[in-house]
Structures are given as structure tokens and as C-alpha cells.
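Below: one structure, written as C-alpha cells.
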Amino acid sequence: MSDYSAVKAALREQRIETPSWAFGNSGTRFKVFAQEGIPRDAYEKIADAATVHRFTGVAPSVAVHIPWDRVDDYADLAKHAENLGVRIGAVNPNVFQDDDYRLGSVCNPDPAVRKKALGHLLECVDIMDVTGSRDLSIWLADGLNYPGQDSIAERQARLEEALAAVYERLGENQRMLLEYKFFEPAFYATDVPDWGTSYAHCLELGEKAQVLVDTGHHAPGTNIEFIVAFLLRKRRLGGFHFNSRFYADDDLMVGAADPYQLFRIMVEIVLGGGLDAASGVAFMLDQCHNIEPKVPALIRSVLNVQEATAKALLVDAGELRKLQRAGDVLGANAVLTDAFATDVRPLLAELRDEMGLDPDPIAAYRRSGYAERIVAERVGGTAAGWGA
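To convert, count from 1 in the sequence shown and add 55; that's our numbering.
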């Protein structure tokens, strides 16, 4: 290919975090389909995450979910990750699976339940201290199923109180990323339903509180790239949970349903400086691989993000600005569509070769024998999955 040194330099520095829970068994609300070779604990999940990094070269961290990834010694878990060439990334609290949380966690009308939920959030900050993690990634399932079930305003006050307590506990180099979701499991009202609600809470809290955008957490037709551009401009975009959706929060492989949407999002990230390390934007996958094998699915997902990013980097920003200012609608749009139509796979293969990686990570993984080895070795015990 032609010389794309600047594009390759940016791609070489991009980091895409994998989620520990994506390596476990998962499914829909109707069925979890078990697979062979599934990790049985957090240590084996990290081994799988390290394998994704080994073949892609850009996934050096793995997010953990507590208590799904609870261990007796988090310093030992962090050391285990380091020995495998990766590190512990974002820590994700779980305040949605206990029976106590039927009416919510930090927004629950019962002060005892709120105290329990807050205690768990603070426990996760303690874990961050030990593992060296930067980000506390908070998603709350809190909400209402019926009008009149609880006071919407009072629930926001409870939420503010809890978030303020967690924010106060954060260390100097730690952040709170507040995720949002417009529905499910609550079907009438969700306590953090959209980016505006998350943004408002983050503004009140301070600079260490930022918005986390999950690409699957939006109503059909939502312009996610607008949200990205706005939050980048306000320096409040903390990161992404990348996945793909078709109907609702499908949690499918990123770029699977609408690769052009992923490209458009990455264009705004590139134009807004979100790829620069100083921006602090964290790129994270959050997916459920229900019927496909886990490790190669995550490798493929990393490649999908890389391809969308490469195309976004090929957009001629100077020409785009010139055409925009001239009011050339078709010309400006063509700058984007031409970049999207570019086959960037040869560029990425060339980059991987320069990085000492196999140009085709999926093929290299299949040849490695890793899939066969974990099936043979991970016999006995309980496979990780939802709730484990």
C-alpha cells in the first residue's frame, strides 16, 4: 500500500479493552448455551484475554466484574495478569443480581438496601487501589416498572447522594464512568436512562466523573455520533462499551449489524481528538457471545474496531472542513463515504507485520491450538457464566 505512516502510528497506539465476562457462558433470557473450554475462574478468563492480546497486539487490559470475578487476593490476580502480558482494567460493580435489588440498588426506597449497594461500590474502589485500575465503570439497573411505584425525583436525590460518596472515595488518578440505558430491566422509567442524565450527574460531581457510552443502549434511530461529538467537545466522554444492536440491547459483536454506524462514531472520535492519549477515552468491548466461540469472537471484534478506526483516520479532515464551510453537501458526504469504502485490511495486515504479529490474527489463533488445549485442560469445576 501507499505510505500511511501517520494512520499506522495512530492505530499502533490504540488500546481496546476486553471484558472478562465475555469469555464465560452467556445467552438470552431464555437460554444459556454452554460451550467447552470455558474459564472456570477469573484467572482463566485473564488467560483468554491475554490470548486475544497476543494475536491482536492492541488489547492489553481486561475489565473485571465483581462479584463475578471475586478472588481472595486481587494483588495476586493483578500479578497473574502482568505475568501474561496484560493488566486489570476497569472494575465493574454488580448491584443488580441480588434479591435485595428487586426495587433498585442506590435508588431503592429502603435505606438498608441503599447502604448495601453503596458498600459494594466502595468495595470496588478498594479493589481498584490494589489492582491499579483507573476506571470504576458503573451501570445501574435501577428503575420503575409502573407509574406511581416510587418517586422519580426522590430516586434522583438518592442517586446523587450515592454517587457523591463514591466520587469522594476515588483516588487522584481514578475515575468514575457513569453508564446509561434507556430501558430494561425497568420498563416504565430508568434512573439513568440517557446520556443527558449521566452528563448532568457527572457535571455536579466533578472532572473525575465522565459519561460511558454503550453503543447498544439507545433507542432505534438515535444519533450516537452526535452524542460522542458533544461529549468530546465538553471533555466528558470517558469511554465506550462497544457492541452492536439491531432491536434493543442485543450485545452482539461490535460492527456486526451496522458497520457504517461504527465508522461514523469513530470519525467523530478522530475529529474530536478522542484517539489522543490525553483525551482519556477508554475503548472497551461489552458483548455476549452466545452461540459463537468466545476467544475468536473477541479477536474478530477487536479487528472490527481497528478497521472502523483505520477508515476514520483516512478521512481527509482538511478537505472535509473546506467542503463543509463551502456548503458542498455532496462533496463533504463523499469524503466520508470514500473513506468508508476503502479496503483497509491490507493496511492493517502491513501494520501487524511491522508489529511482529501475524497479519491474519484469526487464522493464527486457529493454528495455535489454544482452543483445543483449553477444551482438554478445563475439565471439572464450574464454568463461568452469568452470575459467576
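Backbone N, C-alpha and C define an ideal beta-carbon position, used for all residues, glycine too.
For my contact list, residue i and residue j are in at a C-beta cut-off of 8 Å; report their separation, rounded to the angstrom.
i: R369; j: A332; result: Here residue 369 is Leu; the residue named in the question, Arg, does not match the sequence. Rounded, the Cβ-Cβ distance is 21 Å, inconsistent with contact.
i: L453; j: D246; result: Lying outside 56 to 443, the shown extent of the chain, residue 453 is not represented and no answer is given.
i: L518; j: A365; result: Residue 518 lies beyond the range of the chain shown here (56 to 443); nothing can be said about it.
i: F297; j: L340; result: 5 Å
Indicate the three-state DSSP secondary structure (helix, strand or coil) for residue i in the structure shown.
i: H273; result: coil
i: G116; result: Here residue 116 turns out to be Ser, not Gly, going by the sequence shown. Looking at S116 - three-state DSSP - the assignment turns out to be strand.
i: P164; result: coil
i: I417; result: helix
i: T397; result: coil
i: S206; result: coil
i: I193; result: strand
i: G440; result: strand
i: E72; result: strand
i: G435; result: coil
i: L199; result: strand
i: F338; result: strand
i: E215; result: helix
Buried or exposed: where does residue i fall if 16 or more other Cβ atoms within 10 Å of its Cβ makes it buried?
i: V384; result: exposed
i: D205; result: buried
i: P166; result: exposed
i: Y243; result: exposed
i: T270; result: buried
i: K349; result: buried
i: L353; result: buried
i: E409; result: exposed
i: E427; result: exposed
i: F301; result: exposed
i: S299; result: buried
i: S60; result: exposed
i: I346; result: exposed
i: V430; result: exposed
Could you tell me whether the Cβ of residue i comes closer than 7 Å to any Cβ of chain D?
i: R380; result: You won't find chain D in this structure, because it holds only one protein chain.
Between which two residues does the beta strand (DSSP E) harbouring residue i extend?
i: V451; result: Residue numbering for the chain in the displayed model covers 56 to 443; residue 451 lies beyond these limits and cannot be assessed.
i: E528; result: Absent from the model: residue 528. The displayed extent of the chain is 56 to 443, so no value can be given.
i: R142; result: R142 to P148
Between which two residues does the alpha helix (DSSP H) containing residue i stretch?
i: L287; result: I279 to R288
i: M321; result: P314 to L326
i: I101; result: A97 to T111
i: V62; result: S60 to E68
i: P351; result: K349 to L368
i: N138; result: Y129 to N138
i: E374; result: A372 to R380
Does the segment 253-262 come into contact with the segment 226-240, if we say contact requires no fewer than three beta-carbon pairs (one atom in each stretch) closer than 8 Å?
yes
Are at least three pairs of beta-carbons, each pair with one atom in the segment 110-118 and one in the segment 69-77, less than 8 Å apart?
yes
For the structure I just gave you, are there three or more beta carbon pairs, one from the segment 179-187 and one from the segment 199-218, closer than 8 Å?
no
So, do the segment 308-322 and the segment 87-102 have three or more beta carbon pairs nearer to each other than 8 Å?
no
Kindly confirm or deny that the segment 150-165 and the segment 127-134 touch, where touching means at least three C-beta pairs closer than 8 Å.
no
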